[in-house]
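2 protein chains.
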Amino acid sequence: MTRSPLDLGLYLVTDRAALLGRDLFYVVGQAVAGGARLVQLREKRACTREFVELARGLVALVRPLGAQLVINDRVDVALAADADGVHVGQDDMHPADVRALLGPHKLIGLSVTGEEEARAARGLPVDYLGAGPVFATTTKADAGEPQGLAGLARMAALAEVPVVGIGAITAANAAAVLAAGASGLAVVSAICAAPDPLAAARELRAIVDAARAGR
Amino acid sequence: MTRSPLDLGLYLVTDRAALLGRDLFYVVGQAVAGGARLVQLREKRACTREFVELARGLVALVRPLGAQLVINDRVDVALAADADGVHVGQDDMHPADVRALLGPHKLIGLSVTGEEEARAARGLPVDYLGAGPVFATTTKADAGEPQGLAGLARMAALAEVPVVGIGAITAANAAAVLAAGASGLAVVSAICAAPDPLAAARELRAIVDAARAGR
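Here it is in structure tokens:
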């Protein structure tokens, strides 16, 4: 199957603790149906065997729908599941090491917080940056200080690759996040914890599409 | 550098919490100097970047001394550090998936507890089994029920590959562990927490060598 082109417009980052008891596959399916084209499987508690099984299941779910799946932190899980790439944080494997293991064709994303990390990311073999937290978030305990829209704009200006904003992004602030220079919206709770994940994804996707049409 | 032949006789499994405040590299160096020929880096709390750094450092330490390093659970860390292999538990990546990622020449070890898991390990692409806990252990919270020497003997009899015993093995019970059918001794506290890790390793190594000479 040909890989879909990278579309960072609406990017779902999973959090099984935020699903309101709903099944992960259900919510991811709804998100993709609603317009998410990139999904990050983030698991901080699953054992490796379960993590691989989840990754394989999600690849099988999202790829036929034209979306891509990246794995948080675990390059081995991405390789075993033949996922589309890996998203790493500053404490995870160095992007150069990830690239050596994944080869030239897989996606690598890197989280950055602040101008210093955005500057340090220049020249690294990554495909996009996840810049944040834009606003104060409760879904990631170690997310760091909120950077605000101005901080996001500074990180985006420094970046050599597309940037997605992350951190308490909602339909209410999404247009401002895109206007600040983000190529897309990375969301957790706005979809995972939405009463209607499909409707939530569609609403966010419409904001992305409108911003693109207006550029 | 040519890889050393696999010698399971004395196998150190690291536990940074058991080092009595001493440096990991110091204790591993002493263990290898005392006769450990296989070292497993087990890290349950390190972030991935630190885990890779530790693994690279230990490869550089033990390989010139004729010992080999395997990584607990993390195939990506083993690949990034070019370690000699991976040791997995029942909840970690399936050995067949590990083998696919590591290729035919790296070591794979698998933990088994009880006859059922020993039987299920038959035909898997592993180089050795870590069978235990032989005795009741406090260094691994999820180690399961002690199997005793009789349980170890049953697991060893079922195995198609060499078996190392693990779980509260000391110089006082080491000869009995080997007599029960183990090819080697996997130890954590007996070296990591020993007042003199070099002397502790030498004492255990002497028991292994004596058992081999007597066979």
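Protein sequence lines, in the order shown, are assigned to chains A and B. Those letters in the first sequence? Residues 1 to 215, by UniProt numbering. Those letters in the second sequence? Residues 1 to 215, by UniProt numbering. Beta carbons: idealized from backbone N, C-alpha and C, even for Gly.
Roughly how far, in whole angstroms, is the beta-carbon of residue i from the beta-carbon of residue j, given that I think they are within contact range, below 8 angstroms?
i, j, result
"G85(B)", "L110(B)", "Contact flag wrong, Cβ pair sits at about 11 angstroms."
"Q40(A)", "V75(A)", "Contact flag wrong, Cβ pair sits at about 14 angstroms."
"A200(B)", "A194(B)", "4 angstroms"
"G167(A)", "L185(A)", "No, G167(A) and L185(A) are not in contact; Cβ-Cβ is about 10 angstroms, not under 8 angstroms."
"L178(B)", "A211(B)", "4 angstroms"
"V28(A)", "V62(A)", "7 angstroms"
"C192(A)", "D73(A)", "Going by Cβ atoms, the distance from C192(A) to D73(A) rounds to 18 angstroms, so no, they are not a contact pair."
"I71(B)", "A78(B)", "4 angstroms"
"A120(B)", "A159(B)", "At roughly 11 angstroms, the Cβ-Cβ gap does not stay under 8 angstroms, so A120(B) and A159(B) are not in contact."
"R202(B)", "G34(B)", "4 angstroms"
May I ask you to list the residues that DSSP assigns as paired with residue i?
i, result
"V134(A)", "For V134(A), which the question treats as bridged, DSSP gives no partner whatsoever."
"S111(A)", "G130(A)"
"H87(B)", "N72(B) and G109(B)"
Could you say which of the options lies nearest to residue i if we only look at CA atoms?
i, options, result
"L69(B)", "A80(B), A55(B) and V75(B)", "A55(B)"
"A36(A)", "L65(A), R49(A) and N72(A)", "L65(A)"
"L107(B)", "L19(B), A96(B) and G114(B)", "A96(B)"
"M155(A)", "G144(A), A171(A) and G132(A)", "G132(A)"
"D91(A)", "V32(B), T48(B), I166(B) and N72(B)", "T48(B)"
"Y11(B)", "A210(B), G214(B), S189(B) and D196(B)", "S189(B)"
"G130(A)", "I191(A), L152(A), A175(A) and R212(A)", "L152(A)"
"L198(B)", "G165(B), G9(B), V163(B) and V32(B)", "V32(B)"
"T138(A)", "V187(A), P195(A) and A201(A)", "V187(A)"
"A176(B)", "G148(B), D73(B) and C192(B)", "G148(B)"
"F51(A)", "G123(B), M93(B), V27(B) and T113(B)", "M93(B)"
"G9(A)", "P195(A), A182(A), D196(A) and A194(A)", "A182(A)"
"H87(B)", "F135(B), A80(B), A67(B) and V112(B)", "V112(B)"
"R99(A)", "A118(A), D127(A), A159(A) and A213(A)", "D127(A)"
"L58(A)", "I191(A), L158(A) and L38(A)", "L38(A)"
"R22(A)", "G123(A), A118(A), D196(A) and E203(A)", "D196(A)"
"A18(B)", "R42(B), D7(B), L6(B) and P104(B)", "R42(B)"
"Q30(A)", "A46(A), G114(A), K140(A) and L204(A)", "L204(A)"
"G144(A)", "G114(A), P162(A) and L20(A)", "G114(A)"
"N173(A)", "G34(A), V134(A) and P125(A)", "V134(A)"
"P125(B)", "D142(B), A46(B), H105(B) and E116(B)", "H105(B)"
"A80(B)", "E53(B), G89(B) and A67(B)", "E53(B)"
"L6(B)", "P162(B), D82(B) and R122(B)", "P162(B)"
"A67(B)", "S4(B), G89(B) and V208(B)", "S4(B)"
"G169(A)", "V208(A), D142(A) and A213(A)", "Residue identity check: residue 169(A) is Ile in the sequence provided, not Gly. Here the closest residue by C-alpha is V208(A)."
"E116(B)", "A157(B), D82(B), K140(B) and F25(B)", "A157(B)"
"A150(B)", "G123(B), A180(B) and R122(B)", "A180(B)"
Identify the contact partners of residue i in chain B, using a Cβ-Cβ distance below 8 angstroms as the criterion.
i, result
"L101(A)", "D76, L79 and A80"
"D91(A)", "C47, T48, R49 and E50"
"H94(A)", "R49 and V52"
So residue i contacts chain A; which residues on that side make the cut at Cβ distance below 7 angstroms?
i, result
"V73(B)", "Residue 73(B) is actually Asp in this sequence, not Val. The answer, in chain order, is T48."
Residues of chain A with CB under 8 angstroms from residue i, in chain order?
i, result
"D97(B)", "V52 and A80"
For a cutoff of 8 angstroms on Cβ pairs, would you count residue i as touching chain E?
i, result
"L61(B)", "Structure shown: chain E not included; protein chains present are A and B."
Below 7 angstroms, is the gap between the Cβ of residue i and the nearest heavy atom of the ligand NAD?
i, result
"R74(A)", "The ligand NAD is absent from the structure shown, which contains no ligands of any kind."
Unbroken alpha helix (DSSP H) runs of length 4 or more, entirely within the stretch 162-195 of chain A: which are they? The stretch 162-195 of chain A contains these whole alpha helix (DSSP H) runs: 174-179 and 189-192.
For the stretch 7-45 of chain A, which segments carrying the alpha helix (DSSP H) assignment without a break, of at least 4 residues, lie completely within its bounds, in sequence order? List check, alpha helix (DSSP H) in window: 24-33.
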